[in-house]
Amino acid sequence: ITNGWLQWALAIGASAVVALAIGAVSVRTSGIYFIMITLAFSQMLYYLGISIEEFGGDDGMRLPKKSQFPGLIDLDNPVAFYYLVLAILIAFLYLGHRLVNSRFGMVIRAAKANEPRTRAIGFSPYPYRLAAFVIAGAMGGLAGALLVNQTVFLTPEFMNWTRSGELMFMVILGGVATTAGPVLGAAVLLLLEDLLAGWTQHWQLILGPLLVLSVLFFRRGLAGIFSRDHG
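Set out below in structure tokens:
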């Protein structure tokens with residue numbers, strides 16, 4: 005299958021279905037328990053991936069070509085691919101902003117602040133949290149399709165807990181419960197990695213303490229620095 009529309013639709017649909025199955029169990033928990041159970045599912049999928057020899061197993065597999073969108077866009081063109089990813093990122097940010105400020109988002113925020121009171125006024129947080137989990141999973145499926153088109157390589161390492169941990173820290177660094185925070189956190193973390201890696205081969209020893217200090221002194225993340233009500 006090389007048709008991009010079909011590939012990306014399958015990626016989004018399959019990710020949404022998997023997110024629905026995992027979310028049906030995990031969103032009933034919260035805090036550290038939610039983190040642990042989702043990481044456990046991630047590891048289960050990782051080990052499933054390395055056990056399927058038809059797709060390269062632990063070594064992964066190289067794709068014959070990128071997704072094809074005849075007459076629309078050529079993903080082999082790096083400039084076109086860059087602007088496509090940028091456009092999808094902006095669309096994701098807009099969708100996230102609209103959801104957070106909609107009735108849907110208000111229920112989720114209310115449940116986070118005071119779940120018993122949210123239930124008392126007639127809202128069950130579970131279906132809203134599950135829907136948010138599925139939406140995030142579907143978005144992750146599209147992001148995965150973009151990543152595979154960038155690397156032209158498919159490997160179970162993308163599902164390893166270390167990758168999940170890195171993504172979680174990007175969110176924490178940028179600012180939890182903010183729309184632009186994860187993007188800011190990702191940009192800063194990747195920039196620091198590149199700068200320090202070019203300076204010394206022991207760059208992790210410097211990056212680690214810097215990240216710990218940022219969490220300690222910027223409790224609301226880097227996005228909180230630019231918030232009007234910060235401080």
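Sequential numbering from 5 applies to the sequence shown in the working numbering.
Cβ atoms here follow ideal geometry from the backbone N, Cα and C, with glycine treated the same way.
Keep in mind it's a predicted model, so treat the numbers as computed, not measured.
Query: Element boundaries [alpha helix (DSSP H), containing S168]; Result: W165 to G178
Query: Anticipated Cβ contact below 8 Å, Y132 with F108, distance rounded; Result: 6 Å
Query: Cβ-based neighbour list, Y50, same chain, cut-off 6 Å, excluding 5 preceding and 5 following; Result: P160, M163 and N164
Query: Three-state secondary structure assigned by DSSP to G162; Result: Before going on, a small fix: residue 162 reads as Phe here, not Gly. Residue state, collapsed to three classes: helix.
Query: Between the CA atoms of G17 and Y86 - distance to the nearest angstrom; Result: 24 Å
Query: Where the alpha helix (DSSP H) containing G104 begins and where it ends; Result: Note on identity: in this sequence residue 104 is Val, with Gly being the wrong assignment. Counting along the chain, the alpha helix (DSSP H) containing V104 begins and ends at P82 to V104.
Query: 6 Å Cβ shell around F127 - same chain, five flanking residues per side excluded; Result: V111
Query: Run of the alpha helix (DSSP H) containing R224, from where it starts to where it stops; Result: Premise fails: R224 is in no alpha helix (DSSP H) and is neither H nor E.
Query: C-alpha distance - A135 paired with R113, whole-angstrom precision; Result: 14 Å
Query: Residue range of the alpha helix (DSSP H) that includes D32; Result: It should be noted that the sequence gives Arg, not Asp, for residue 32. Where R32 is concerned, there is no enclosing alpha helix (DSSP H), given that its DSSP letter is neither H nor E.
Query: N7 in three-state terms, based on DSSP; Result: strand
Query: Straight-line Cα distance separating G141 from V22; Result: 8 Å
Query: Cβ shell of L43 (< 7 Å), same chain only, five flanking positions each side left out; Result: W165 and S168
Query: Rounded separation between L194 and L188 - CA only; Result: 10 Å
Query: Inter-residue spacing [alpha-carbon to alpha-carbon] between S30 and N81; Result: 40 Å
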